[in-house]
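According to the working numbering, the stretch in the sequence shown is residues 19 to 403, in order.
For every residue, glycine included, the Cβ atom is placed at its ideal position computed from N, Cα and C.
Predicted model, so just to flag it, every value in this text is computed and none were measured.
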Amino acid sequence: MKVGVIGCGNIADIYFHNAKNFFNNFEIIACADLNPDASKKYSEKYSIKNLSVEELLSNEDIQLVINLTIPNAHFEVSKSILNSGKHSYSEKPISIEFDEGKELLNLAKSKNLYVGSAPDTFLGAGIQKSKQIIEDGTIGEIVLGSISMGVAGHEIWHPNPDFYYKYGGGPILDMGPYYFSALVNLLGPVKSVYSQSRTVYSQREIGSGERKGEKIVVDIPTTLISQIEFSNGALIDSFFSFDVYKHNKSHIELFGTKGAINVPDPNMFGGEIKICDEKKSDWKTIKTDDMNLGRLNTNRTGGEKNDKANEDPTSANFRGIGVCEMIDSIKENKVNRCSGELSLHVLEIMQSILKSAKIDEKVNLESVTNIPQSFLDTENGKFLK
Ligand SMILES: NC(=O)c1ccc[n+]([C@@H]2O[C@H](COP(=O)([O-])OP(=O)(O)OC[C@H]3O[C@@H](n4cnc5c(N)ncnc54)[C@H](O)[C@@H]3O)[C@@H](O)[C@H]2O)c1
19 MKVGVIGCGN IADIYFHNAK NFFNNFEIIA CADLNPDASK KYSEKYSIKN LSVEELLSNE
79 DIQLVINLTI PNAHFEVSKS ILNSGKHSYS EKPISIEFDE GKELLNLAKS KNLYVGSAPD
139 TFLGAGIQKS KQIIEDGTIG EIVLGSISMG VAGHEIWHPN PDFYYKYGGG PILDMGPYYF
199 SALVNLLGPV KSVYSQSRTV YSQREIGSGE RKGEKIVVDI PTTLISQIEF SNGALIDSFF
259 SFDVYKHNKS HIELFGTKGA INVPDPNMFG GEIKICDEKK SDWKTIKTDD MNLGRLNTNR
319 TGGEKNDKAN EDPTSANFRG IGVCEMIDSI KENKVNRCSG ELSLHVLEIM QSILKSAKID
379 EKVNLESVTN IPQSFLDTEN GKFLK
């Protein structure tokens, strides 16, 4: 399938790189950005067309557009993609407003088009292997858990980090999609949430790029601490913060009636899983780097120097596999795994966390979603070069 990209900033490089080097069922033929210099850079690097947004949307060869703009532009850009008769796959979150997310799903349905959204990291070996272990019953029924994401703030490395501290940014909308998409894959949908929040610093200083030293005013909560109740009864405590210098908390730890599992970073594709299936025993390590979407590929990305996700030499980065899977689902007429329904439910979890902190009350969710089917090497291998 011929594909276009709108939004040529920091994360775009890994999509261009992976499409060219790893994936075999789509080709990115053109890119566009509000800032023509941004799209020019990638069009030259990857020998593709540099178009205006309007030109890209009216290009008849392009059937699907990847929307890599900033979160508060996702809705408008995805809507214009669907209105131009093309399938839309956006970076996370699908939108910053639940009602707008719903509108996108309805629009796609009315036009017989697909809508998909990152993250696709849950299709990686780390989460898929964990899913298999949980479904095998090795650690019993998951009843409790704890999730944690704490960093000092993306302004340390991102040259234009303003959006992280404005409405639509913050640790939940930025990093929550990875954690909650992974958890819904492992445990099913969420029923209710209760949260409290803090904004520790009122200003942030840009740490890299041309604007280094410039201050950003913080408009939103930068730490959210929550209790999440899943429909299956599991209770999870959740910590998301841009106010933490360093910590030793695990990304995702789930406690079952027969053991415990430590799930790798849901922002990455691979990583080591740890399980304990006997009382008082040590963790047993399960590697995933022998699986298709767990093998280290980041050294080969040639990613931009300021892109943290591209640089991590310790984990796999197959961003864009969700696009491959969506294209295959379109051909096979089945529901894609990084679906509109899943991303809408994840958006509602995150919005409910923010709302609960604001009103200081428990919030019940209205949306539900099915657990996406497993995505194992027997299936994903066919998309890889
Ligand atoms: N940077 C990362 O490491 C990273 C990792 C994973 C996901 N993401 C997600 O990817 C998305 C983009 O992040 P980024 O870091 O690349 O941001 P960025 O600010 O570096 O790039 C965004 C680009 O989109 C363009 N843009 C904004 N509004 C537009 C519009 N209406 N039409 C056309 N172009 C428009 C901007 O000019 C800019 O070039 C975000 O949703 C972010 O959450 C980023």
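- Our two residues, ASP295 and ILE157, have alpha carbons roughly 6 Å apart in a direct line.
- Taking the Cβ of GLU109 as the reference point, at least one heavy atom of ligand 1 falls within a distance shorter than 7 Å.
- In the three-state reduction of the DSSP assignment, LEU253 falls in the strand class, which pools E and B.
- Under the three-state reduction of DSSP, HIS265 is assigned to coil, being neither helix nor strand.
- At least one heavy atom of ligand 1 is found less than 7 Å from the C-beta of ILE88.
- For ASN85, the enclosing beta strand (DSSP E) begins and ends at 82-85.
- With a cut-off of 7 Å, the C-beta of CYS26 is classified as near ligand 1, since at least one heavy atom of the ligand falls inside that distance.
- The three-state reading of DSSP puts THR303 in strand, counting E and B together.
- Residue environment: SER70 is assigned as exposed (fewer than 16 neighbouring CB atoms within 10 Å of its CB, all protein chains considered).
- Here the region 164-175 makes no contact with the region 84-92; the two share fewer than three CB pairs at distances below 8 Å.
- A check of alpha carbon separations from ALA48 across ASN42, PHE181 and GLY25 identifies GLY25 as the nearest.
- Taking all protein chains shown into account, HIS265 has fewer than 16 neighbouring C-beta atoms within 10 Å of its C-beta and is therefore exposed.
- Taking 7 Å as the cut-off, the C-beta of ASN178 counts as close to a heavy atom of ligand 1.
- A straight line joining the alpha-carbon of LEU372 with that of ASP308 spans about 39 Å.
- Between ligand 1 and ILE238, a heavy atom-to-CB distance of less than 7 Å is absent.
- In this structure, ILE151 keeps its C-beta atom at 8 Å or more from the C-beta atom of ILE270.
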